[in-house]
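Protein chains in written order, with the numbering used here: chain G, 103 to 411; chain B, 103 to 411. The block underneath contains the structure these notes are about, expressed in structure tokens.
There are 2 protein chains.
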Amino acid sequence: MPAPALIALDWGTSNLRASLLDAGGSDIETRSAPGGVMAVQGGRFAEALLALCGDWILRFDCPLIASGMVGSRQGWKEAPYLACPAGLAEAARQLTTVTIDAATGRQLHIAPGLQCTDPAGLFDVMRGEETQIWGARLPDGTTCVLPGTHSKWAWLGGAGVIRTFRTFMTGELFGLLTQHGILGRLMVFGRHRPEDFVAGVRLGLQGHAALSHTVFAARTAGLMGRVAPEGLPDYLSGILIGGEIGAAAASLEASQRAAGVVLIGDDDLCQRYALALEVHGIASRRAPAGTTTSGQWRIAGAGGLVAST
Amino acid sequence: MPAPALIALDWGTSNLRASLLDAGGSDIETRSAPGGVMAVQGGRFAEALLALCGDWILRFDCPLIASGMVGSRQGWKEAPYLACPAGLAEAARQLTTVTIDAATGRQLHIAPGLQCTDPAGLFDVMRGEETQIWGARLPDGTTCVLPGTHSKWAWLGGAGVIRTFRTFMTGELFGLLTQHGILGRLMVFGRHRPEDFVAGVRLGLQGHAALSHTVFAARTAGLMGRVAPEGLPDYLSGILIGGEIGAAAASLEASQRAAGVVLIGDDDLCQRYALALEVHGIASRRAPAGTTTSGQWRIAGAGGLVAST
Numbered sequence: 103m104p105a106p107a108l109i110a111l112d113w114g115t116s117n118l119r120a121s122l123l124d125a126g127g128s129d130i131e132t133r134s135a136p137g138g139v140m141a142v143q144g145g146r147f148a149e150a151l152l153a154l155c156g157d158w159i160l161r162f163d164c165p166l167i168a169s170g171m172v173g174s175r176q177g178w179k180e181a182p183y184l185a186c187p188a189g190l191a192e193a194a195r196q197l198t199t200v201t202i203d204a205a206t207g208r209q210l211h212i213a214p215g216l217q218c219t220d221p222a223g224l225f226d227v228m229r230g231e232e233t234q235i236w237g238a239r240l241p242d243g244t245t246c247v248l249p250g251t252h253s254k255w256a257w258l259g260g261a262g263v264i265r266t267f268r269t270f271m272t273g274e275l276f277g278l279l280t281q282h283g284i285l286g287r288l289m290v291f292g293r294h295r296p297e298d299f300v301a302g303v304r305l306g307l308q309g310h311a312a313l314s315h316t317v318f319a320a321r322t323a324g325l326m327g328r329v330a331p332e333g334l335p336d337y338l339s340g341i342l343i344g345g346e347i348g349a350a351a352a353s354l355e356a357s358q359r360a361a362g363v364v365l366i367g368d369d370d371l372c373q374r375y376a377l378a379l380e381v382h383g384i385a386s387r388r389a390p391a392g393t394t395t396s397g398q399w400r401i402a403g404a405g406g407l408v409a410s411t
Numbered sequence: 103m104p105a106p107a108l109i110a111l112d113w114g115t116s117n118l119r120a121s122l123l124d125a126g127g128s129d130i131e132t133r134s135a136p137g138g139v140m141a142v143q144g145g146r147f148a149e150a151l152l153a154l155c156g157d158w159i160l161r162f163d164c165p166l167i168a169s170g171m172v173g174s175r176q177g178w179k180e181a182p183y184l185a186c187p188a189g190l191a192e193a194a195r196q197l198t199t200v201t202i203d204a205a206t207g208r209q210l211h212i213a214p215g216l217q218c219t220d221p222a223g224l225f226d227v228m229r230g231e232e233t234q235i236w237g238a239r240l241p242d243g244t245t246c247v248l249p250g251t252h253s254k255w256a257w258l259g260g261a262g263v264i265r266t267f268r269t270f271m272t273g274e275l276f277g278l279l280t281q282h283g284i285l286g287r288l289m290v291f292g293r294h295r296p297e298d299f300v301a302g303v304r305l306g307l308q309g310h311a312a313l314s315h316t317v318f319a320a321r322t323a324g325l326m327g328r329v330a331p332e333g334l335p336d337y338l339s340g341i342l343i344g345g346e347i348g349a350a351a352a353s354l355e356a357s358q359r360a361a362g363v364v365l366i367g368d369d370d371l372c373q374r375y376a377l378a379l380e381v382h383g384i385a386s387r388r389a390p391a392g393t394t395t396s397g398q399w400r401i402a403g404a405g406g407l408v409a410s411t
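Okay, structure coming up:
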């Protein structure tokens, strides 16, 4: 086994993933547990960490770094937001440190989240996605899209600097409307119906300026028999993703639009977004997988925790 | 007691309200029960009705009329949607009849809901609100707004005809986001903070074209300490109502905008909407209360069930 150089933790709301990295930043071993921030009771973050990879911490005298909601107010310790524009160097200078074990003094470094302010003075925040973006090593000026519960659109400057970004609550709205709302009552889940998804995307693109009206189409199309119950989940998904793309694309400059976007995230969601972007005439390409670990490696390098590669 | 002329039922998703009306259409007595369509098990609608006002039905040989979700697919019997433009005469010609009691043959007439199609071919539906609108006896050309779980904007032609309308899921979104979503986690409920409501309205008006982004401000404003936890519910309410008004007002002609709108609904919601409309420079006035019963009386009159007044 190569000598371990870093323990990197992707510690989000629902899951805790740990990677043991070698001196080249490659995975030696990875582990995960459902010990996300919301699952940790009474502030017992150290216990959750030791349960997953206490053996690594004992055996290997290497630094530990974490990113994600573990640095939020509900997490282990609040890692203050770093204001955009911000790059790897700024993030590395603003690591927040917690002591894992008082006896040994062993520490965990938590990467900051990012904040930005739009021209109207509106705040936005991200925590974890910045690490994925840095891990993707994208060209200057890239527009990147990270689909998810809270989908993020981020705009890069030069040298990996994140200039600004915008959050869309697309995934959360889909979950709320289908699981707890009236739209879900007409739906049959579990099938993928691409043609209904595309019809929804077209509607969302066209109707994003009245989204709380447009989503009601996922009820009326069902009532009127225009979309089958099995197609309604994809139809609503299309409306919401189309609505997000319509709104976000409206602020793209012509050159950004022509350059297309980079998608970072899981396969199913990225495929949906790629299709929806295509409907709107925007090209997309996928970032390689594993960008979180790669981003943590780069932050640790910029902060002198590991020798940069 | 004046001679009863009509039993009018406002039978919605959550509640069943019954009014006994005299020959002038005035209330003799009203009753209500939580026996809404969703609370009736196994299709026992007749039982729910008899439990609330079986004595009226037995004692008074007068017709019965109902409007609302009782005519939906989940209701007693589906009363097919009437296509807009539609007025009282068309509604009266399309009453759906159910037999309450096979032995006596006593019947209940259910008013149809309305459907319309927007220029893009998108359907919309309402069930119950059309009766409130007709009950308000509004001037030709009125724009009316019925705030609620599914807020409705309706445009009248001449002679009480409803030309077209649009649904906004504003109230449902507020409920879902605050009760089941992440935005509710930072909120303290129970206080009214008008200044936070107005700040939200301004944001919603300005950001309605990216609503799934704009609502995220109800999280970031809390995280950044710009809005107190006690103000966040009103801030989100303002964003959603402002977003609705921004989207709906964009399609108003100058003359409609100048004429203002009529608000129909409960006091608290109508006051919120009046304030939000004022922020957008749109005047509003309230319709008198009790418009559902008045509308049912007018439909019954147009259908020859009672002598018109």
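Idealized CB from N, CA, C, for every residue including glycine.
Look at residue 332/B: its C-beta is not under 8 Å from any C-beta on chain G.
For residue 168/B, the secondary structure class from DSSP, reduced to helix, strand or coil, is strand. When C-beta atoms of the stretch 145–164 of chain B are compared with those of the stretch 104–120 of chain B, three or more pairs fall below 8 Å, so the two segments count as touching.
Taking 8 Å as the cut-off, the Cβ atoms of residue 316/B and residue 315/G do not count as close. Residue 230/B has its alpha-carbon roughly 9 Å from the corresponding atom of residue 216/B. Straight across, the Cα-Cα distance linking residue 136/B with residue 376/B is about 29 Å. Taking the CA atoms as reference points, residue 356/B sits about 55 Å from residue 178/G. Among the residues facing chain B, residue 265/G is not included, as its CB has no counterpart in that chain under 8 Å away. Judged by DSSP in its simplified three-state form, residue 160/B adopts helix. Residue 252/B and residue 312/G have their C-alpha atoms spaced approximately 14 Å apart.
One finds 314 in chain B with Cβ atoms closer than 7 Å to the Cβ of residue 346/G, taken in chain order. The beta carbons of residue 165/B and residue 364/B sit about 29 Å from each other, so the pair does not count as a contact at 8 Å. The distance from the Cβ of residue 202/B to that of residue 148/B is about 5 Å, consistent with a contact at the 8 Å cut-off. Between residue 295/B and residue 346/B the beta-carbon gap is near 20 Å, outside 8 Å, which marks them as no contact. Close CB contacts of residue 351/G within its chain, under the 8 Å cut and outside five residues either way in sequence, are with 359, 382, 384 (chain order). Counting the other CB atoms within 10 Å of its CB gives residue 104/B a total below 16, which places it among the exposed residues. Along the stretch 257–286 of chain G, the positions whose C-beta sits under 9 Å from a C-beta of chain B are 268, 269, 270, 271, 272, 274, 275, 277, 278, 279, 281, 282, 283, 284, 285, read in chain order. For residue 322/G, a Cβ of chain B is located within less than 8 Å of the residue's own Cβ.
One finds 318, 321, 322, 325, 326 in chain G with Cβ atoms closer than 9 Å to the Cβ of residue 227/B, taken in chain order. In the three-state reduction of the DSSP assignment, residue 131/B falls in the strand class, which pools E and B. Following the DSSP letters along the chain, one finds residue 210/B inside the beta strand (DSSP E) bounded by residues 208–212. Counting only runs of at least 3 residues, the stretch 303–384 of chain G fully encloses the following beta strand (DSSP E) elements, listed from N- to C-terminal order: 363–365.
Cβ-Cβ separation between residue 133/G and residue 155/G: approximately 6 Å, consistent with a contact (criterion under 8 Å). Close CB contacts of residue 124/B within its chain, under the 7 Å cut and outside five residues either way in sequence, are with 104, 105, 106, 107, 130 (chain order). The stretch 254–267 of chain G makes contact with the stretch 229–243 of chain G: 3 or more CB pairs, one atom from each, lie closer than 8 Å.
Rounded to whole angstroms, the gap between the alpha carbons of residue 220/B and residue 328/G is 15 Å. CA-CA distance, residue 176/B to residue 386/B, rounds to 35 Å.
For the set 349/B, 142/B, 403/B, the Cα lying nearest the Cα of residue 379/B is the one of 349/B. If you keep only unbroken alpha helix (DSSP H) runs of at least 4 residues inside the stretch 195–281 of chain G, you get 231–237, 272–281.
Within the stretch 218–244 of chain G, 222, 224, 225, 226, 227 place their CB atoms closer than 8 Å to a CB of chain B, listed in sequence order. C-alpha of residue 393/B to C-alpha of residue 367/B: approximately 9 Å in a straight line.
Neighbours of residue 310/G in chain B, taken as residues whose beta carbon is under 9 Å from its own, are 311, 312, 313, 314 in chain order. Leaving aside the five residues that flank residue 262/G on each side, the residues in its chain whose CB is nearer than 7 Å to its CB run, in chain order, 189, 190, 236. Just so you know, the alpha carbons of residue 265/B and residue 353/G end up roughly 35 Å apart.
Taking 9 Å as the Cβ-Cβ cut-off, the stretch 194–217 of chain G approaches chain B at 217, given in chain order. At a C-beta separation below 8 Å, residue 188/G has no neighbours in chain B, since its nearest C-beta there lies roughly 16 Å away.
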